Structure formats: structure tokens, C-alpha cells
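Using numbering that gives the first Met the number 0, count along the sequence shown one by one with no gaps and you end on 474. Think of the CB as a built atom: it goes at the ideal place given N, C-alpha and C, for glycine as much as any other residue. This one's a predicted model, so the numbers in the text were calculated from it and none came from an experiment.
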Amino acid sequence: MEGNDRRHHTILTEGKEPVPLQSADSPFYPCPFCSYKTAERHSVINHIKNHATVKHKEFTIARCGLKCRSTTHFHCCYCPATLIRRDQITKHLSSHSVLDNTITGTLQTLVAPQTIKTPQGNLQTPVAPPKVKTPHGNLQTPVAPPEVKTPQGNLQTPVAPPKVKTPQRNLQTPVAPPKHLVPAEVTCKECVEQSVLSDPQLITSKARILTCSGIVEGISTYKKTCPSCGMVYRYQEWQDGIHNFDNHMMLSLHLCLTLRNALQTHTAVSRVIGIIEATEGESFPNKEKVLQAYLSFEALSEHDYTYACVSCGYHPATVVMDLHKKGVFSMPVSEIQNPPQQYDGRVNVKDFWDAVTMEILNPSDGKNPFIVRPSYQNWAPWIGQHTRQSDIVFNTEYAKIHVPDVSTDADERVTEERLADEVLNLKVAEVRALCKQCGLDSKGSKMDLVLRLREKMASRTTYNKVFEKVWGASV
0 MEGNDRRHHT
10 ILTEGKEPVP
20 LQSADSPFYP
30 CPFCSYKTAE
40 RHSVINHIKN
50 HATVKHKEFT
60 IARCGLKCRS
70 TTHFHCCYCP
80 ATLIRRDQIT
90 KHLSSHSVLD
100 NTITGTLQTL
110 VAPQTIKTPQ
120 GNLQTPVAPP
130 KVKTPHGNLQ
140 TPVAPPEVKT
150 PQGNLQTPVA
160 PPKVKTPQRN
170 LQTPVAPPKH
180 LVPAEVTCKE
190 CVEQSVLSDP
200 QLITSKARIL
210 TCSGIVEGIS
220 TYKKTCPSCG
230 MVYRYQEWQD
240 GIHNFDNHMM
250 LSLHLCLTLR
260 NALQTHTAVS
270 RVIGIIEATE
280 GESFPNKEKV
290 LQAYLSFEAL
300 SEHDYTYACV
310 SCGYHPATVV
320 MDLHKKGVFS
330 MPVSEIQNPP
340 QQYDGRVNVK
350 DFWDAVTMEI
360 LNPSDGKNPF
370 IVRPSYQNWA
380 PWIGQHTRQS
390 DIVFNTEYAK
400 IHVPDVSTDA
410 DERVTEERLA
420 DEVLNLKVAE
430 VRALCKQCGL
440 DSKGSKMDLV
450 LRLREKMASR
460 TTYNKVFEKV
470 WGASV
């Protein structure tokens, strides 16, 4: 693809702008980069401006949505390759640039071999092969050893084997993320008539993208609204390598995967953020908010839970449950309502965890309508979809509820013997003061005083005074 005529039309050179052309047999203006078309010329111009692009030297490569591939992609301006993600095309173009620059700068000039006259005849001196630098190291092109004619016959001079350096990792800085993040949706997905969405509306121009190499400031985020049903569409295009949390804070997918791998190796999210802050010298937002942003990324991801026993397969006879201490929270039992009397402990594990996912995905600002409150009848453990027999599992926590029995006043009273034992734990001065309150003689040893109180506790009045002194509450 050396000439402009051989490049794909989504590859624009400097100063060239795409122009929507209306065909003679159609009233619509089609987008030259995808299948979108509309009867209003200004609408398709705005649509073209919102196409994701990659800037490379004098080229601007727009994302192609035509039938070249089954999904949107980018065309290379050097070769016929098509790549789906922005980081893939950027890395691909960088390898082309490195190859072009090194070949041009280090290719040795070829000269004609020299002819030397000897008594035995003319000898041609061989020329060393050119060295070519590539992204994979210096590769020396192997050539056949020259043949030298001698009176004894033709001798082949040995040639040293080519030197090959090991591949080196491309350490180039990745391309800067787009400054304007606009939803890619054009029509409403909820309306039956698929109404055309409104023009992009600015949410903020001060959004931030958190990456493994610091913070990218000054990002503008936009939204689109359906005029029919009022559905709001916000930017969430992962092919750009960005996860949008709340339109004001975003995470790079590289950072999300770094946090995932850190958690899988028992490293807390706060420690990873602390390492980045210390390395880059920047201050990240509240670590709890970063954790919530990461959890929303995981909630939107599709996970393959293929837990299986090596002996029993997906359906082991016994599933051993373990306590995840970091997931435990404190809550008074009195705040948890008792389940209905007809509750049998069955709960739908899929519905419960889908509800938890919705709570995580809800934006952080405002009241969360999807909050899941702890209850006995709506709380389920997690068991893999292949391991459990069905979506219905048993929650036996409700069976541990202590239901107080309806007892008589005599049953609820602490026995006089136990109360007398508790009085023995009091100090002598306290026992003497208690005897005076009950109208008893306060002279004598501690045991004498306790025996007097025990005899007097048959009276309800004395009993209440002793009980109040021992436990600090009246009955």
C-alpha cells in the first residue's frame, strides 16, 4: 500500500476531510465509514466527527463499521491488516514505523565486488551481506560462502553463523486516550421504532482517567437521550481501552486487569494504588471509590466459573464452604427481620447475585434504588453454576434464630441461689451498703451479710434491690 489510491478510504491524510455524498437514487446521506445514514446532512457530519480515530504521523485512521469484518475495526495504512482494538492498531503501526526507520538508517550501500588479478587468474572478493535492523533485533542475512579457485581445486571458505539477538519488548509510550468520549449508539435500543438519539450533551469537561502510569486530566464526557422513552446513553466503549465508572472517573482496562491479577495473588487494591502513587508522584482519588470503580468493571465482565473437582467433576458429593473474612461486615442481629413463618430456607442464588450486581453497577451519586439489604429470606451463598444442581439453594442461617419462649414471671426470675452467688462477688463495703438499703444489720463478716440477704430475698422488694445492685438494672 504505497500509493494513496490503494489505501482504505477510512485512512485520511493530513488536510483531507470526509464528505458525505447523497446518491441520486436515495434521499439519505450515508456515512462513508459505517452503515449509518440519515436524511439530514448536518446529522451525518456530526456522526462522522464522533467516529473514533487513531492519529499516526500524517494519517488519521477512522474506525470502520463496514462489512470488511463482522465487528468494527481499524485499517492499517501500511499493509492490508485490520485490527479491532485501538491499542492493537497502535502497536501494529509502531512496529511498521520502527522497521521503516531502521531499514532506512542502517542499510549498508551495496558495492560491486572487486576483481583482483593473480597468476592463477582473476579473483572476485565477496561483499559482506547488509545488516538490517528490525523490531526483533539485528538479523544478519546468511549468504553462501564464496568459492575460491586454487591449483588444488575449489575451496569453500567457512562463514560465521548469523548473529541473532533476542526479541526486545516494545517500550514505546501508548497513544493518548481520546479527549472527547461520546456514546457510540445512534438509535434507541429500548424503543420499538428505534428512535434516533439526540445530539451529544456535555456532562463534564473535567473527567479523569486513572492508568498504571498516572492520571489523564481534562477528559470531556457526553451523553445521548432518546426523545421517545427518555433513556439516557452514556459512553462505555471498551475497545478504546477505557472503563467509564460514573462519567467523572474512568479506569484504563490495563489498570483494571492489573487490579484483578493483584487480587488473585492476594494483594489489596489499596496497595496497588499506593505503589502507583509513589512511583508516579500523583494522588489518586479515594481508594474506596477506586475499588467501587473496579468492582463495576468486574460486574460488567463475563466470567467463566468452571470450578470442578479433579475426581468428581462439576458435581462433588460435598462442597466445603470457607469464610472470606474480608467480606464480613458487622451488623446488629436486631436489625434483621425474622423471616415469614412459612419460609423453608429456599432462595434463588442467581436472582440474589444479579441483584448484587445491579447494586454495584448503579452510579455512585444519588440514592441507590437497587440496594440489597441483608435478610434471612434473601441471602444466598455463591456456588458455581456447574457445581449446584439448580438455581435454588438452601439458606440455613434462619434456623439459628433464637426465638424467646413465652414464660411466666417466675420462670424469668433469676434464682435466689444464683443471685446470692453474684452478691459474693461484690466488695464488703458494697454488701454492707446493700444490707442497710434492705433494712438489715450491716455488722459481721461478708458471709454473714450474704446469708441475711438471702433469707430476706424471699421478699419481692428486697429481691429487686439486690438484683438492681448486682446487674445495674431494675426488674
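Considering just the uninterrupted stretch of the alpha helix (DSSP H) at residue i, what are its terminal residues?
i	result
residue 296	286 to 299
residue 243	Run containing residue 243: none in the alpha helix (DSSP H); it sits in the beta strand (DSSP E), 241 to 243.
residue 44	40 to 48
residue 456	Per DSSP, residue 456 belongs to no alpha helix (DSSP H) and is neither H nor E.
residue 436	427 to 436
Relative to the C-alpha of residue i, which candidate in the options has its C-alpha closest?
i	options	result
residue 293	276, 244 and 74	244
residue 434	464, 371, 424 and 457	464
residue 392	343, 68, 210 and 251	343
residue 216	36, 56 and 203	203
residue 34	47, 232 and 24	47
residue 247	238, 256, 367 and 222	222
residue 226	86, 197, 79 and 56	197
residue 476	382, 311, 381 and 355	There is no way to answer for residue 476, as the model of the chain reaches only from 0 to 474.
residue 177	219, 200, 7 and 187	219
residue 214	189, 249, 455 and 235	249
residue 207	180, 13, 231 and 388	180
residue 345	390, 386 and 383	390
residue 396	381, 228, 384 and 376	376
residue 5	54, 77, 37 and 65	77
residue 445	425, 459, 456 and 455	425
When DSSP labels each residue in this structure, what does residue i get in the three-state scheme?
i	result
residue 345	strand
residue 73	strand
residue 63	strand
residue 355	helix
residue 107	Bear in mind that the predicted position of residue 107 carries a pLDDT of just 41, short of 50, making it too unreliable to give a figure here.
residue 154	The pLDDT assigned to residue 154 is 49, lower than 50, so where the model puts this residue is not dependable, and the model offers no usable value.
residue 88	helix
residue 11	strand
residue 82	strand
residue 465	helix
residue 195	strand
residue 101	Reliability of the predicted coordinates at residue 101 is poor, the pLDDT of 46 falling under 50, and the value obtained from them is presented with this limitation in mind. Helix, per DSSP.
residue 449	helix
residue 257	helix
residue 215	strand
residue 160	Since pLDDT at residue 160 reaches only 48, below the 50 mark, its modelled position is unreliable, and the value read off the structure follows with that caveat. In the structure shown, residue 160 sits in coil (DSSP, three-state: anything other than H, G, I, E or B).
residue 421	helix
residue 442	coil
Near residue i, which residues of its chain fall below 8 Å by C-beta distance, leaving aside the five closest residues on each side in sequence?
i	result
residue 11	17, 58, 59, 60 and 61
residue 82	72, 73, 75, 88 and 91
residue 452	419, 422, 430, 433, 434, 437, 439, 461 and 465
residue 387	348
residue 272	283, 286 and 289
residue 63	7, 9, 32, 33, 71, 72, 73, 74 and 81
residue 26	38
DSSP puts residue i in a beta bridge; with which residues?
i	result
residue 223	232
residue 393	345
residue 180	220
residue 36	29
residue 251	241
residue 312	308
residue 186	195
residue 52	61
Consider the C-beta atom of residue i and the heavy atoms of the ligand ADP; say whether any pair is separated by less than 7 Å.
i	result
residue 92	This structure simply doesn't include the ligand ADP, nor any ligand for that matter.
If you follow the beta strand (DSSP E) that residue i is in, where does it begin and where does it stop?
i	result
residue 56	Run containing residue 56: none; DSSP gives neither H nor E here.
residue 203	200 to 210
residue 269	Looking at the DSSP string, residue 269 is not in any beta strand (DSSP E); the run it does join, the alpha helix (DSSP H), is 268 to 279.
Can you give me the Cβ contacts of residue i inside the same chain, cut-off strictly under 7 Å, excluding the 5 residues immediately before and after it?
i	result
residue 68	81
residue 255	242, 293 and 296
residue 479	In the structure as shown, the chain starts at 0 and stops at 474, and residue 479 therefore has no counterpart that could be examined.
residue 193	186 and 187
residue 281	213 and 214
residue 269	286
residue 44	19
Give me, in chain order, the residues of the same chain whose beta-carbon lies closer than 6 Å to that of residue i; leave out the 5 immediate sequence neighbours on both sides.
i	result
residue 351	379
residue 210	251 and 254
residue 232	182, 184 and 223
residue 235	243
residue 239	85
residue 261	271
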